[in-house]
DNA sequence: CTCCCGATAT
DNA sequence: ATATCAGGAG
């Protein structure tokens, strides 16, 4: 497990690599962000943006999503995958927004998590990106990067990863750190071919060291 | 834990 | 062919 000083070094290096990391899901308001993040489960943000480009022209309000049939909404998001669950959740979410929140998106993580299809990660993203609440959403990238580097333990749950990051990172840096860890995981410390040879964190990366050693054995 | 699930990279 | 993608619900 890394100490605070080592984590500081990692964050500084990742900041140099991705100084402008930010939410890549296109949205014009909190409502569009909730829909976009809900759709993004097990799907690339590139594909989500492709779909929402058309979706957000057709559906502007919660009422709009309830005005069409479930089948029509399914077709409009079909290319995303998991589309039956997501269409059902969007409708349920819109119903609750209208009934309980005056058609507006609630601002707190606790209220957000009650919405259909909105779990801990999505609630954290919306609270942080749309409402500037301090939060660190742990998605597949943040989890993988944190575990490879040794910021947390391999066996940690996503909640444990989130708690470790919140403990070790100053609260004012939560939002930027969150996005930079995602960019680092998405474009450098990738799931398949992590670019360890050119990684500035290689010398203190547990997984990186292991991979480099293995590569040496193969070449020998 | 399993299921949901199409698009894309490898 | 298969792993992976800004996960969540039952």
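In the numbering used here, the protein residues as written are 10 to 229.
Even glycine gets a Cβ: it sits at the ideal position worked out from N, Cα and C.
Values in this document were obtained by computation on a predicted structure and should not be read as measured data.
Helix, strand or coil at residue i [DSSP, three-state]
i           : result
residue 183 : helix
residue 228 : helix
residue 204 : coil
residue 198 : coil
residue 210 : coil
residue 137 : helix
residue 28  : coil
residue 157 : helix
residue 169 : helix
Length of the line joining the Cα atoms of residue i and residue j
i           : j           : result
residue 165 : residue 148 : 13 angstroms
residue 83  : residue 114 : 22 angstroms
residue 221 : residue 180 : 34 angstroms
residue 67  : residue 124 : 22 angstroms
residue 38  : residue 69  : 10 angstroms
residue 73  : residue 92  : 18 angstroms
residue 48  : residue 55  : 11 angstroms
residue 204 : residue 104 : 45 angstroms
residue 78  : residue 99  : 12 angstroms
residue 142 : residue 172 : 16 angstroms
residue 186 : residue 117 : 20 angstroms
residue 197 : residue 108 : 44 angstroms
residue 32  : residue 162 : 26 angstroms
residue 137 : residue 156 : 23 angstroms
residue 175 : residue 102 : 29 angstroms
Integer Cβ distance of residue i from residue j, believed to fall under 8 angstroms
i          : j          : result
residue 53 : residue 35 : In fact, because the Cβ distance is near 13 angstroms, the residues do not count as touching under 8 angstroms.
Quick check on the DSSP output: what are the complete alpha helix (DSSP H) runs of length 4 or more inside the stretch 63 to 126, in order along the chain? Annotation: the stretch 63 to 126 contains the following complete segments of the alpha helix (DSSP H) (minimum length 4 residues), in chain order: 71 to 76, 79 to 85, 92 to 110, 118 to 122.
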